[in-house]
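Read through the structure below, which is laid out as structure tokens, and then see the notes.
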Amino acid sequence: MTAAADVLVDMPVADEDHDETAALLLFERLRATVLEIPPQDEPLALCFCVLVSRINPFLRTSQIADALPGRGHRFGMLELINAMVSLGYRYNAIDIRPCDLDPRLSPAIIVEAGFGASVHPVAPGVIWSWQRKGQTRMRCFDGSTCSVSDGAHLSRSVTALMFRPIDRDRLPTSIKRRRASGYGWFRTTLARFGKEMRRILLLSGAINMLTLAVPLFIMMIYERTLGPRLNDPLVHLAQGAALVVGAEVALRAVRSNILCWLAARLDFLVGVAIFERLMFLPANLVQRASVSDQIARIKTFEAVRDIFCGPILLMTLEMPAALMSLVVLYLLCGPLVVVPVLGILALLLTFWLFWRRIRVRIREAAIDSSVMQQFAIETFEKLDAIRLDGLSRQWSETYRDISGQEISRQARLARLGEMGAGLSQLVVGLTALAALYVGANVIWAGAMQTGTLIAAILLVSRALMPFNALCAMIPRIEQLRNAVAQIDDLMDAPEEGGISDPSRPRSRLQGHLEFAGVALRYDAAAGPVFTGLSFEVRPGEIVAIAGSNGSGKSSVLKLVLATEPALLGHVRIDGFDIRQINVRELREQIAYVPQQIDLFEGTIAENLRLAMPVADDDALRAVLERVGAWDGIAGRDGQLHAALTASDRNDPVFAHRIGLARALLKPSRILLVDEMPAAALSAGFDMTLMDCLRAAARDRAVLVVSHRADFLRLADRAVALRRGQVPVVGSPDKVLEMTA
Numbered sequence: 001m002t003a004a005a006d007v008l009v010d011m012p013v014a015d016e017d018h019d020e021t022a023a024l025l026l027f028e029r030l031r032a033t034v035l036e037i038p039p040q041d042e043p044l045a046l047c048f049c050v051l052v053s054r055i056n057p058f059l060r061t062s063q064i065a066d067a068l069p070g071r072g073h074r075f076g077m078l079e080l081i082n083a084m085v086s087l088g089y090r091y092n093a094i095d096i097r098p099c100d101l102d103p104r105l106s107p108a109i110i111v112e113a114g115f116g117a118s119v120h121p122v123a124p125g126v127i128w129s130w131q132r133k134g135q136t137r138m139r140c141f142d143g144s145t146c147s148v149s150d151g152a153h154l155s156r157s158v159t160a161l162m163f164r165p166i167d168r169d170r171l172p173t174s175i176k177r178r179r180a181s182g183y184g185w186f187r188t189t190l191a192r193f194g195k196e197m198r199r200i201l202l203l204s205g206a207i208n209m210l211t212l213a214v215p216l217f218i219m220m221i222y223e224r225t226l227g228p229r230l231n232d233p234l235v236h237l238a239q240g241a242a243l244v245v246g247a248e249v250a251l252r253a254v255r256s257n258i259l260c261w262l263a264a265r266l267d268f269l270v271g272v273a274i275f276e277r278l279m280f281l282p283a284n285l286v287q288r289a290s291v292s293d294q295i296a297r298i299k300t301f302e303a304v305r306d307i308f309c310g311p312i313l314l315m316t317l318e319m320p321a322a323l324m325s326l327v328v329l330y331l332l333c334g335p336l337v338v339v340p341v342l343g344i345l346a347l348l349l350t351f352w353l354f355w356r357r358i359r360v361r362i363r364e365a366a367i368d369s370s371v372m373q374q375f376a377i378e379t380f381e382k383l384d385a386i387r388l389d390g391l392s393r394q395w396s397e398t399y400r401d402i403s404g405q406e407i408s409r410q411a412r413l414a415r416l417g418e419m420g421a422g423l424s425q426l427v428v429g430l431t432a433l434a435a436l437y438v439g440a441n442v443i444w445a446g447a448m449q450t451g452t453l454i455a456a457i458l459l460v461s462r463a464l465m466p467f468n469a470l471c472a473m474i475p476r477i478e479q480l481r482n483a484v485a486q487i488d489d490l491m492d493a494p495e496e497g498g499i500s501d502p503s504r505p506r507s508r509l510q511g512h513l514e515f516a517g518v519a520l521r522y523d524a525a526a527g528p529v530f531t532g533l534s535f536e537v538r539p540g541e542i543v544a545i546a547g548s549n550g551s552g553k554s555s556v557l558k559l560v561l562a563t564e565p566a567l568l569g570h571v572r573i574d575g576f577d578i579r580q581i582n583v584r585e586l587r588e589q590i591a592y593v594p595q596q597i598d599l600f601e602g603t604i605a606e607n608l609r610l611a612m613p614v615a616d617d618d619a620l621r622a623v624l625e626r627v628g629a630w631d632g633i634a635g636r637d638g639q640l641h642a643a644l645t646a647s648d649r650n651d652p653v654f655a656h657r658i659g660l661a662r663a664l665l666k667p668s669r670i671l672l673v674d675e676m677p678a679a680a681l682s683a684g685f686d687m688t689l690m691d692c693l694r695a696a697a698r699d700r701a702v703l704v705v706s707h708r709a710d711f712l713r714l715a716d717r718a719v720a721l722r723r724g725q726v727p728v729v730g731s732p733d734k735v736l737e738m739t740a
């Protein structure tokens with residue numbers, strides 16, 4: 001990629017004339033980097049590029065690349081729709097002739113009639129309105145031939161997909177709509193499946209009606225066959241019973257299929273929503289939370305599966321059957337219905353008594369489980385240090401104490417749950433005995449037959465079954481309630497920096513960085529780390545940050561990235577307070593080399609394209625040569641497309657070369673370089689880093705953290721941080737004298 005392309009790589013994908021050449025250029029750029037698709041999908045991908053270039057000329061290439069599926073995936077209608085949703089557009093599909101399409105509804109994707117989301121269309125196209133000399137005409141792009149024709153002559157019926165921006169405030173799950181309705185996020189999400197829930201309720205009602213027929217068949221067999229000793233009715237009753245049982249099995253199978261689909265869909269929606277919200281929470285909240293807390297948040301949605309996959313929903317659906325059983329029992333036996341009603345009241349009382357105690361036990365067990373999980377994670381993170389310092393025995397004793405307390409809490413919780421389940425079983429047994437006793441007296445009085453009593457006992461068991469299950473699942477119900485509450489609280493948390501509007505052009509930062517009287521404090525109970533930090537960095541300058549451990553050197557860079565909030569003062573870029581700039585747009589335009597470089601599973605190219613998704617292989621090779629990493633990569637099979645190995649991730653020099661390459665690959669006017677460990681500055685990487693800093697300072701504002709004298713002398717100015725005091729800004733020699 002040429003130098004001009006490096007500058008233009010993140011500019012809008014089309015000019016104001018909407019020339020289709022820009023869309024073709026976009027397609028070639030994406031295909032050379034992130035869009036690896038089979039030839040049969042290229043026509044639709046071309047139409048996608050034409051669509052986005054005309055629907056919003058301010059969409060950046062990097063935005064479009066982020067919305068596309070991963071390399072090696074097909075690109076069908078489903079992938080196109082998902083990409084447009086990621087870009088903030090929803091669609092409506094209608095069957096229409098292109099010549100009849102209202103110009104106000106364009107641009108639109110057109111495919112053959114009978115569109116389906118899983119279809120890979122053969123001859124897709126894009127139709128849009130075109131104004132010239134005061135006249136509006138329709139133009140059509142054919143993805144198969146890459147040609148543009150007059151859309152007014154297209155008279156065949158097609159399916160047109162018209163895309164419009166998503167108004168997030170009008171979504172049912174938006175905070176504004178939920179505040180108006182008073183519903184939580186989870187309940188609002190469930191409302192999306194109202195049609196499926198109604199089907200489940202109808203199926204459950206039919207299943208319950210068929211279930212009630214079984215006791216009636218038994219009663220008829222006793223009264224019409226066994227009592228009179230007649231065999232003729234038995235055949236017809238057996239046929240009817242078989243028909244009822246078969247219908248019940250079929251309906252249960254249909255209901256199970258719907259429930260499984262609903263569980264999988266809800267699992268996906270909740271899991272993705274939780275992960276996305278964690279990604280967009282304020283950085284200071286996420287960074288200061290423990291790893292175990294983050295894992296617990298992600299695992300919260302697993303408990304939600306019990307709604308549709310577990311017995312909780314089935315128990316809820318059986319509640320109407322219990323009431324219907326009581327009604328039938330009253331019609332058959334009259335006063336005998338009092339016995340199961342009293343049994344149900346006893347079960348509800350049992351549920352209430354044990355639920356009050358179990359919910360407290362669950363909170364205590366959750367706290368101990370979180371402590372145990374955090375301790376386990378800390379153990380694996382610091383395993384080498386524990387062994388080297390000879391702390392293995394003390395650490396094992398601490399683990400024994402923590403795990404013992406957690407297991408004890410879990411055992412008490414399990415014992416309490418078993419006590420509730422056992423007591424409910426006792427209530428059910430006593431209720432059945434009472435029903436037998438009352439029924440026997442009614443039979444002796446001549447008011448009821450034996451077959452009716454057998455049917456009555458079955459109806460009593462049917463009426464008590466869901467309430468018995470309710471008592472047996474108290475811990476699971478409480479865990480589910482807590483999980484839903486946690487999900488709602490997480491979804492109510494504000495996102496960091498809000499939602500950026502892709503429909504407006506992004507202002508490009510020029511790189512004039514300024515600190516004005518900035519003070520920083522980590523904890524409200526502790527004193528400030530520093531106060532009165534004031535300096536500026538212009539493009540073409542290098543400013544070095546020095547200081548002792550804990551003086552806030554890395555935090556100065558995080559103040560620029562808005563991951564640490566300033567206690568006092570202002571951080572400005574180009575004269576604007578960074579709090580006035582959208583956080584996501586701010587970080588997209590700042591190149592940052594952190595102290596700890598994270599390399600992800602995948603190829604070298606994929607790790608580099610995290611910073612610039614549309615950088616081609618030539619650009620990647622050039623930046624790797626600048627950081628001195630290409631010689632070690634050129635000999636590998638696949639070179640840029642070779643997978644990273646475990647030794648790569650454990651090599652600090654290689655990792656920091658890749659981290660520096662990411663930063664240099666990013667077209668930004670501000671470069672932040674955090675202090676690197678001594679192990680990373682070996683093998684000549686320190687000289688390479690200084691050369692890269694000098695080259696970057698030609699047109700960027702460079703802010704580097706270091707304690708080494710050679711890096712400080714490289715800077716135009718230096719800042720000496722002193723914990724709890726006003727930093728000193730001056731020449732590198734002056735700062736070296738202070739830190740010596």
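For what it's worth, the UniProt record's numbering labels the leading residue of the sequence shown as 1, then goes sequentially.
Glycine included, every Cβ here is placed at the ideal spot set by N, Cα and C.
The Cβ neighbour count for M738, taken over all protein chains shown within 10 Å, is under 16; the residue is labelled exposed. Considered as a whole, the region 550 to 600 harbours 568 to 573, 590 to 593 as its complete beta strand (DSSP E) runs of no fewer than 3 residues, in chain order. The beta carbon of M372 is closer than 7 Å to those of I402, S403, E406 in its chain, skipping five residues each way along the sequence. DSSP places L644 outside any beta strand (DSSP E), giving it a letter other than H or E. Residue environment analysis places V327 among the exposed positions, since fewer than 16 neighbouring C-beta atoms fall within 10 angstroms of its C-beta. Each residue's CA atom was taken as its position, placing K558 and E564 some 5 Å apart.
By the 16-neighbour rule on beta-carbons within 10 angstroms, V529 is buried.
For H236, the number of other beta carbons within 10 angstroms of its own is below 16, and it is reported as exposed. Boundaries of the beta strand (DSSP E) around F163: 158 to 165.
In the DSSP assignment, A93 forms a beta bridge with L161.
With contact defined as three or more Cβ pairs closer than 8 Å, the region 94 to 112 and the region 168 to 185 are not in contact. If the five residues before and after L644 are omitted, its C-beta is found closer than 6 Å to the C-beta atoms of L599, all from its own chain and listed in chain order. In this structure, G511 sits near I573, with a CB-CB distance shorter than 9 Å. With contacts defined as CB atoms closer than 9 Å, M84 and L51 qualify as a contacting pair.
Between the alpha carbons of E675 and Q394 lies a gap of roughly 34 Å. When rounded, the separation of the alpha-carbon atoms in R387 and S396 is 11 Å. Taken in chain order, the complete beta strand (DSSP E) segments of 3 or more residues contained in the region 170 to 205 number zero; there are none.
A Cβ-Cβ contact shorter than 9 Å links I127 with A160. Comparing alpha-carbon positions, the option among P39, L416, I55, G70 lying closest to V614 turns out to be G70. Look at M690 here: in three-state DSSP terms it is helix. According to DSSP, A701 shares a beta bridge with I670. Checking the DSSP bridge columns, you'll see I542 partnered with V702. L259 and I207 have their C-alpha atoms spaced approximately 15 Å apart. With at least 16 other beta carbons inside 10 angstroms of its own, N607 counts as buried. Here the alpha carbons of A283 and E536 stand approximately 24 Å from one another. For C140, the pairing in a beta bridge is given by DSSP as I127, S149. The continuous beta strand (DSSP E) containing S534 extends over residues 530 to 537.
For R255, the secondary structure class from DSSP, reduced to helix, strand or coil, is helix. The C-beta of M491 has 16 or more other C-beta atoms within 10 Å across all chains shown, which makes the residue buried. Comparing alpha-carbon positions, the option among L332, P340, R400, R412 lying closest to E364 turns out to be R412.
In this structure, the straight-line span from the alpha carbon of A483 to that of R409 is close to 19 Å. The residue among L721, V627, L281 with its C-alpha nearest the C-alpha of M690 is V627. For L87, the closest C-alpha among the options I109, I344, L59 is that of L59. The shortest CA-to-CA distance from P594 to any of N56, M612, A385, L660 is the one to L660.
C-alpha of A385 to C-alpha of S647: approximately 20 Å in a straight line. The three-state secondary structure of V726, taken from DSSP, is coil.
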